[in-house]
Structures are given as C-alpha cells and as structure tokens.
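Just below is one structure, and these are the notes that go with it.
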C-alpha cells in the first residue's frame, strides 16, 4: 500500500488533510496485561519466577473488579504484589479533564497517553444501563470534512491495552457512583476518535478482552458491542470471520458515490456498492443486523430522493438485514454545515419507513459540550486550526457537490436498475 504523507495539526497545506493509513512513528507504550492473551500472561509470570496461576489471579482483579491497586489484592503474596503490578499493570492513560452534559448523564473525558497524544471517551447513562463510546486511534486518517477528529489528522494507533483502559476506568467510575448511583457499563461503541478497522489487530484483541470471560477478559455480551467503520471493505470481511458476533455500524452518510466521494474520502477506494455488499456478507456470516449511520446535513444529503436511493440500495440486497440510524449533525467548530431541519428529517425517516426499512433517529448526547468526538481534543491540539481546516474542507466540498443536490434525471430508471441488479441474489430475512 502506498504511504501518504500525514498532515500535522499545526501545518496549513491545503483545504483538508489527506486520506492516510500511516500513523506517525512513536515509541511503544509499556507492555500491559490487557495486551496479552491468557497464555502470554502465564508465560510472562513464569519467566519472572512465579507460579503461572498468579497471572490468572491478577487478571481476575483487573477484569472482574476493575482493580489495579496492589493493596487490594489480598490473595496475592504481599512480597509479589508490587512487582506483578509494576510489570503487568503500568499506567497508560491519564485523565486531563471531564466535561459533563445532559444533566449529569453524559461525561466526556479527555485522556493523555504516555507520549502526550490525546484521546476522548464518552460515558452515557441510560435508564437501564451505561454505554461507553471509546476511541481506537489518537486522531484519524480518514479526513472526513464534517468530523473534528478527521480534520486534526492521524497521530497514532492505540494499543489494545490503551483501548481497554478506557473501559476499565469507565466501569470503575460507573460502579463507584459517578452518575449519583452505581450503574453497570453494559454497552461499548467504537464510535470515538479514529477508524477502528484501520487499527484492526489492536481492536480485534480489544474485542476479545471485552467479550471473553474472566480471567481472559470482562465477559461482556458481544451483542452489546458495536464497531463502526467508514468503509474498509477488506477488514469488514476479516471481522466477519473472527467469530465475534458484535454489531457492525457502517458510517454511510450518502447513498451515491458522487456525494460520498467528497464526504468520505475512502469511498474513492471502496464504493457504496462494494461497502453494502460487504455489510450484507457480515450479516449473513454473523447473523447480526447491520446498523447504517447517516448524519443528516442540511441541503447536503437529506433529500427525499436520496432516502429513496438509500432504500433501493438496501432492499435490493434483501430485507430485514439492516437498521438505519439517522443522526442530526453535531457540527465541528467553524462548520459551515448544520443539522437538517425537522421537516427534512421527518420526510427522510418516513421515506425509509415506507420502504420497509427499520429506522430510528439516534439519540444525540453532549450537544452542549461540543459533543462530536475530537472537539475536546482539538482544544489541546489547536482548536482554531481545526476550525479553520474544517471550514475550508467543507467549503471545498460544498462547491464541488452543488450539481449533485438536485434529483438526477431518469431517477426512476436508476431505482429500477438497482432493484434488478440483485434480483434473486438474496432471500428476504
């Protein structure tokens, strides 16, 4: 794969950063228990001269009790606790600050990593659970113009343990009553900073740590874990073969290549049809209904005819395999775009529903604290720079896609061709 030059946060080199899969070079974080499989932990403990079962004891403290304090590990010999903790539970992330929203039901946290890179996570309380929105990269190389993280560029991938530590901290905070009462973090969504499938090895191992039972991992339900992607088709296929029935969420945002090429630069490599085919294969392979994420942007992608086109593309691949989450746009600082009107949103949703597609407007959180991921981190990187870059990127896209705002000629013929292209390929589910 050809490497592309990464645009650094403080350098003005054009209207938007380039699509990039290559992170900047950094030293490695310390090795952590969560980076290792159970077998690897046991082997390491044995190399230190201790019985292998000490690794399982330490793992149970970490995964069952969210504990990293050696003073609380009374089942471990006192003479061994400090060394085992030092070797296998080094500190990886440090809280910079919290932002609280939604009457205390949403807490966004900015974390600093060992090398000064920053990431965000968002903990959200619901009536029956808490959900953590987690980051998989520091920054993002996908360069989407409406995303604050994308406009800051990619700094580096997170390790498995750096991902898992976000969850451990959230589990501990929720259990300790950060929302006023103890609550269990039952759901995780990889919808924070970064493109999860661009950091596939670490994300795959993090999924195992979340889902595998203790002492291997937290023992969460795979059905309560969601992995999002803007469309890395080959890696979607890898995830489908992993045997972990997590929910796949595809950040589509446009059903036509003409618009999506500009909104989601990776669409230049993997077109809408290829992406939806991969999403359908994921459903067939795992039995898990796929979520389509669709940020509704006023007069950009919220047209009724685009809802019809989206419905045609999805229904041509079968029924019942997908659920659509329209999302009111949460603009980045400096954005020239805004959320769709209530009328346009209602029309879009009704059009999809009439076509028989399950559709739910996704709950948005944190709008009063710059809720979109990357905005809190942008304050540390360079908020004004990110704002300027976002405005330039959006203006460039806005000018290029003006001709695509109107319904295409012979649109009915286009819909008929889509329906015919998959006729008989998929049975209704």
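Numbering (this note's numbering), first residue to last: 369 to 797.
Cβ atoms here follow ideal geometry from the backbone N, Cα and C, with glycine treated the same way.
For clarity, every value in this text was computed on a predicted model and none was experimentally measured.
Give me, in chain order, the residues of the same chain whose beta-carbon lies closer than 6 Å to that of residue i; leave out the 5 immediate sequence neighbours on both sides.
i	result
residue 432	582
residue 622	628, 631 and 669
residue 543	550
residue 441	429 and 449
residue 726	691
residue 672	715 and 719
residue 776	none
residue 398	458
residue 462	480
residue 475	466, 468 and 491
residue 665	697 and 705
residue 678	623
residue 473	493
residue 592	554 and 555
residue 755	701 and 702
residue 577	402, 532 and 585
residue 568	603
residue 800	For the chain, the structure presents residues 369 to 797; residue 800 sits outside this window and is missing.
In the DSSP assignment, find the alpha helix (DSSP H) that holds residue i and state where it starts and stops.
i	result
residue 672	672 to 683
residue 603	601 to 608
residue 427	421 to 433
residue 786	779 to 789
residue 488	Premise fails: residue 488 lies in the beta strand (DSSP E), 486 to 494, not in any alpha helix (DSSP H).
residue 466	Unbroken run through residue 466 is the beta strand (DSSP E), 461 to 469; no alpha helix (DSSP H).
residue 641	640 to 654
residue 721	710 to 722
residue 415	406 to 415
residue 448	446 to 456
Given a cut-off of 8 Å on the beta-carbon distance, is the pair residue i and residue j in contact?
i	j	result
residue 594	residue 614	yes
residue 657	residue 689	yes
residue 434	residue 540	yes
residue 643	residue 599	yes
residue 455	residue 416	yes
residue 584	residue 508	no
residue 786	residue 681	yes
residue 519	residue 566	no
residue 501	residue 557	yes
residue 650	residue 616	yes
residue 608	residue 637	no
residue 772	residue 610	no
residue 452	residue 409	no
residue 587	residue 483	no
residue 359	residue 713	With the chain covering 369 to 797 only, the question about residue 359 has no answer from this structure.
Could you please give the first and the last residue of the uninterrupted beta strand (DSSP E) stretch that includes residue i?
i	result
residue 477	474 to 481
residue 497	497 to 501
residue 660	658 to 664
residue 691	690 to 696
Check whether the Cβ of residue i sits closer than 7 Å to any heavy atom of the ligand ATP, and report yes or no.
i	result
residue 651	With respect to small molecules bound, the structure shown includes none, and the ligand ATP cannot be examined in it.
Beta-carbon within less than 7 Å of residue i's beta-carbon, same chain only, minus the 5 sequence neighbours each way: which residues are those?
i	result
residue 574	528, 531 and 532
residue 612	575, 579 and 590
residue 425	443 and 444
residue 797	Because the pLDDT of residue 797 is 46, which lies under 50, any placement of that residue in the model is unreliable, and the number read from its coordinates should be weighed accordingly. Excluding residues within five positions, the ones whose Cβ falls inside 7 Å are 686, 687, 688 and 689.
residue 661	596, 617, 618, 619, 620, 693 and 695
residue 779	673
Residues in its own chain within less than 8 Å of residue i by CB, not counting five upstream and five downstream?
i	result
residue 498	491, 492, 538, 542, 547, 551, 552, 553, 554 and 555
residue 789	684
residue 411	420
residue 383	Below a pLDDT of 50, predicted positions are generally treated as unreliable, and residue 383, at 42, falls in that range; no measurement from the model is reported.
residue 768	630
residue 655	613
| Touching or not, the stretch 441 to 456 and the stretch 472 to 491, by the rule of three or more beta carbon pairs under 8 Å? | no
| Contact the stretch 689 to 700 vs the stretch 713 to 728: 3+ CB pairs below 8 Å | Judged by Cβ distances under 8 Å, the stretch 689 to 700 makes contact with the stretch 713 to 728, as three or more pairs qualify.
| task | Please confirm if the stretch 518 to 529 is in contact with the stretch 402 to 413, defined as three or more CB-CB distances below 8 Å between the two stretches. | result | yes
| said: My parser needs the alpha helix (DSSP H) runs of 4 or more residues fully inside the stretch 563 to 634; what are they? | reply: Listed in chain order, they are 568 to 579, 601 to 608 and 625 to 631.
| message | Tell me whether the stretch 510 to 526 and the stretch 753 to 763 touch, counting them as touching only if at least three CB pairs, one residue from each stretch, are closer than 8 Å. | response | yes
| Would you call the stretch 421 to 430 and the stretch 595 to 615 touching, i.e. three or more CB-CB distances under 8 Å? | no
| request: Counting only runs of 3+ residues fully inside the stretch 505 to 562, write out the beta strand (DSSP E) ranges in chain order. | output: Within the stretch 505 to 562, the runs of beta strand (DSSP E) at least 3 residues long that lie entirely inside it are, in chain order, 505 to 507, 522 to 525 and 553 to 558.
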